[in-house]
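Trainee: Structure in structure tokens, see below.
Numbering (UniProt numbering), first residue to last: 1 to 161.
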């Protein structure tokens, strides 16, 4: 994905925010913009991240700022903050989608997926794949070699598709 495509995708996330969500983000931004200059510094953002249970180390925050700092000033404007938070919120939705998909594949509710369950669901939802290919895919995904896929192994398999 090119940088312009990534930027467009981030903007789409912002476009999906409701007015209420935007107002909440504005309030949150204002709380952490201690000096009221319209930007959040790395130190201010570090406090934000720690307060919501995320990695707030200076290095992690610097990396995060580098990814969203459109004007390369080392600080986060409200628009940049909104893009970051919209993306984080969207990633949370993706996590929920993966959990739901895992539950769909876990036919007997054991919190793991067997090769038979994988084959059955793939066939049921129109993914016609020879059994030997299902077996190969399952073996590649089963990192522990225990004959089952945990949620983590399932996520890695889905991301590799």
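Ideal Cβ placement from N, Cα and C applies to all residues, glycine included.
Kindly indicate which residue of 115, 15, 130 has the alpha-carbon position closest to the one of residue 84.
Mentor: Cα-wise, what sits closest to residue 84 is 15.
Trainee: Quick check: the Cα distance between residue 147 and residue 125, rounded to an integer number of angstroms?
Mentor: Answer to the nearest angstrom: the Cα atoms are 22 Å apart.
Trainee: Can you name the residues that DSSP bridges to residue 113?
Mentor: Bridge partners of residue 113: 149.
Trainee: Excluding sequence positions up to five away, which residues of its chain have a Cβ less than 8 Å from the Cβ of residue 104?
Mentor: Closer than 8 Å at Cβ, skipping near neighbours: 121.
Trainee: State the DSSP-derived secondary structure class of residue 77, mapped to helix, strand or coil.
Mentor: Residue 77 falls in the strand class under three-state DSSP.
Trainee: Can you list, in chain order, the residues of its chain whose CB lies under 8 Å from that of residue 158, leaving out five sequence neighbours each side?
Mentor: The residues are 98, 101.
Trainee: Apply the 10 Å Cβ neighbour rule to residue 144 and answer buried if 16 or more other Cβ atoms are within range, or exposed otherwise.
Mentor: Burial call: exposed.
Trainee: Taking 8 Å as the cut-off, decide whether the C-beta atoms of residue 112 and residue 156 are in contact.
Mentor: Taking 8 Å as the Cβ cut-off, residue 112 and residue 156 do not qualify as a contacting pair.
Trainee: Tell me, which residues are paired with residue 144 by DSSP?
Mentor: According to DSSP, which records beta bridges pairwise, residue 144 is partnered with nothing at all.
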